[in-house]
Structure formats: C-alpha cells, structure tokens
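So the protein lines, in turn, are chains H and V. Residue numbering for the first sequence follows my numbering, starting at 5 and increasing by one per position. Residue numbering for the second sequence follows my numbering, starting at 5 and increasing by one per position. All residues carry an ideal CB built from backbone N, CA and C; glycine is no exception. To start, the structure itself, in structure tokens.
There are 2 protein chains.
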Amino acid sequence: MKISTKGRYGVSAMYDLALHYGQGPISLKSVAQRQGISEHYLEQLMGTLRKAGYVKSIRGAQGGYTLTKDPSQITVGDIIRIMEGPIAPVDCLLTDAAHNEYCARAQICVTRGVWAKVRDSIDSVLDSISLADLAGEEKA
Amino acid sequence: MKISTKGRYGVSAMYDLALHYGQGPISLKSVAQRQGISEHYLEQLMGTLRKAGYVKSIRGAQGGYTLTKDPSQITVGDIIRIMEGPIAPVDCLLTDAAHNEYCARAQICVTRGVWAKVRDSIDSVLDSISLADLAGEEKA
DNA sequence: AATAAATCCTATCGCAATAGTCGGAAAAGC
DNA sequence: GCTTTTCCGACTATTGCGATAGGATTTATT
C-alpha cells in the first residue's frame, strides 16, 4: 500500500507551482532543487501532467511550467490519479463485478466490498485537498 | 496504491477459517481450493499468520488451521498489517517528523500531512471490519 | 509398523514495475 | 549564435511480488 515517487513527486512539483502561481513560467530546474527531486526524472513526470492538461509549458530560455488552472481547482486526487492511474487497492475493482477481467469470482467475493470501501475512503480524502489548501491560500 | 496478494489472500483465507470456526482444524488444501489460491504459496502466508498468533495449526493427518480468537475479535486491519507491514502510503510516515529516517525535509514537508490523512482513513476503514462481519455473523 | 495426510522450512526464480540515467533534438530569449 | 530550457526515446539497475521446488517432520488411520 505505497504511493510511488511518481505520485509524491508529482504532488510536490504541483505544490511548488501553486506557490508561484501567477509569477510566469517556473523552470523545472528550480522546482527540482526546491523539492529535492532529480531534475531529469521530474521531466518525465511533468510530461505526464502536461499531456493531462494540468500544466502548460513554455520552451526555450526563461521558459518553464505554469498551472493551467487556479490552485483551488486542482486536487491532490487529480494529480495522483494522473500519475499512478485510477485509485484501486485491487485490480478487481477496475472492472464490473459481473464479467470481471481480473477475477471470475468477483460476483461472489466477500472481500471485494472491503477494498471498495478502502478505495472510496482514499478518494474522498485526496479529493478534499486542493493545491490551494496546501499552499495555505484561500482563493475560493 | 495496491494491496498485494499477501494481504488479499490472507484476508480470504482468514475469512474461510471464520466460516468454519468451531468445526475443528481446516486443512490448507481445502481453503486454497475454495478461495482459488495456490496451496503452496498459501502455506507461507499461513506461517506468517501463525507466528503473529492469529491462527494455530495442528500437524499430521486430519490436521489444519483454526482461528485463535472469535471472528468478531479479528479485523481486516489486523490481517493486512501482519501480511503487508504497517499501513503507510509513504515510508516517511514510519518515523517521526524530526530526525526522519527517510526524508530530511519531513518537518517542513507540506505533503506529509496529506499522506497521514490517507493512512488514518485506510486504518479506520480496515479496523472497522471484523471477520465476523465478513462471515455475516453477529457474535458480539 | 507402514502409509497417507498434513504442516513446516529454506531456497530459488521469472517477471514486471520502480526509479532513475543518458544523450541528444528542438524551441525561444538574449 | 549562444545559452537556456523543454521534449523525447532508449536504456538500466534494483527491488519485490508471486510463486515453485523439494524435502523434513508430525500425526491419524489402517
């Protein structure tokens, strides 16, 4: 039950961008230094966030990244789901109980309900926290 | 954010034992067949549960496993923590914020609070479900 | 006493994912 | 033209998962 560095670094980087929201493009290099992340590795992660539409990039000297939305409009859950895929403590939850791709017993499985409750609980926590919350701002 | 088969199989096996609680020792072979688990792999998992004191074993012909407590006294959280280690979405939570073994920035880390909330939420769900709940019994 | 049914124990192993690294191409400001 | 920066694809080392293998030990049954 671990969150990988993809998710953690993704949130850290987005939090950093939130802190500098409205200040023009922020270079990956500075984000990586402040957050203590390998710059080259962070590049890959930002590519994912860019393709998902959460950040936009400006290439060339003095370029960098900016959030595409106000920090209050992006939740930690958004970021985690992009970086790690859908939150599902077991793969079985990714498909309907009937005709389940991962488990023929899904319909009669007693434990499946447990994992569904865990998933809902995680989703609920992560979706309740926005980047603005992390940045300590209240731009409703 | 996945639960491994150790945790899942552990819960399934314990649920199976709960269904047969009070009926004498249940062989691993029958549990493995009913729950669709590799018998030999399940052996290892039961060893872990035995050492943790949640099941006891009777060796020899007609032997098997039984729960050491009433199903209402064992929660899914107990089993998951034994099988997978402490629930911590990030390793950083395994040590105090000051002098943290995994991250020098733990004290000033904004995201650490997020992961702590996630952990508490998972713990809360898992600890609220007992084997008796799964077995559909209410032996208070 | 022999057999069969079971748990117990240690070692090994293939696979996939994680967490990067590396090298360069392309874009844009100066 | 030079430097800064993003962009892209390929490669790699380590780790843990999910087993499998092979036997040793214990006990009920015949």
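Contact belief for residue i with residue j at Cβ below 8 Å, rounded distance in angstroms
i	j	result
residue 11(V)	residue 53(V)	About 11 Å separates the two Cβ atoms, so there is no contact after all.
residue 7(V)	residue 79(V)	With 8 Å as the limit, residue 7(V) and residue 79(V) do not qualify as a contact, their Cβ atoms being about 15 Å apart.
residue 2(H)	residue 72(H)	Residue 2(H) lies beyond the stretch modelled for chain H, which goes from 5 to 144, so this question has no answer here.
residue 42(H)	residue 115(V)	Incorrect: roughly 17 Å between the Cβ atoms, too far for contact.
residue 31(H)	residue 64(H)	The pair is not a contact, with the Cβ atoms about 11 Å apart (cut-off 8 Å).
residue 75(H)	residue 135(H)	4 Å
Residue i: first and last residue of the uninterrupted beta strand (DSSP E) it sits in
i	result
residue 69(V)	68-71
residue 4(V)	No statement about residue 4(V) is possible, as the shown extent of chain V runs from 5 to 144 and does not include it.
Beta carbon proximity, residue i to chain H, threshold 8 Å
i	result
residue 98(V)	no
residue 19(V)	yes
residue 10(V)	no
residue 109(V)	yes
residue 64(V)	no
residue 102(V)	no
Proximal chain H residues relative to residue i, where beta-carbon distance stays under 9 Å
i	result
residue 59(V)	Near residue 59(V) there are no residues of chain H at all, since even the closest Cβ is about 17 Å away, more than 9 Å.
residue 138(V)	114, 115, 117, 118
Chain V contact for residue i (CB, 8 Å cutoff)
i	result
residue 7(H)	yes
residue 135(H)	no
residue 49(H)	no
Proximal chain H residues relative to residue i, where beta-carbon distance stays under 8 Å
i	result
residue 26(V)	Those do not exist, as residue 26(V) stays about 19 Å from chain H at its closest Cβ, beyond 8 Å.
residue 15(V)	115, 118
Limits of the alpha helix (DSSP H) - the one that residue i falls within
i	result
residue 79(V)	That residue, residue 79(V), is in no alpha helix (DSSP H); it is neither H nor E in DSSP.
residue 28(H)	Looking at the DSSP string, residue 28(H) is not in any alpha helix (DSSP H), and its letter there is neither H nor E.
residue 92(H)	Counting along the chain, residue 92(H) falls outside any alpha helix (DSSP H), and DSSP gives it neither H nor E.
residue 111(V)	Taken as a continuous stretch (DSSP letters only), residue 111(V) belongs to no alpha helix (DSSP H), as it is neither H nor E.
residue 55(H)	43-55
residue 121(V)	115-131
residue 138(V)	135-139
7 Å Cβ cut-off: residues of chain H touching residue i
i	result
residue 40(V)	109
(request) Using a Cβ-Cβ cut-off of less than 7 Å, list which residues of the segment 81-96 of chain V approach chain H; keep chain order. (result) Using a CB distance below 7 Å, the part of the segment 81-96 of chain V facing chain H consists of 88, 91, 93, 94, ordered along the chain.
(request) Check distances from the C-beta atoms of the segment 112-131 of chain V to those of chain H and list, in chain order, the residues that come in under 8 Å. (result) Correct list: 114, 115, 118, 119, 121, 122, 125, 126, 128, 129, 130.
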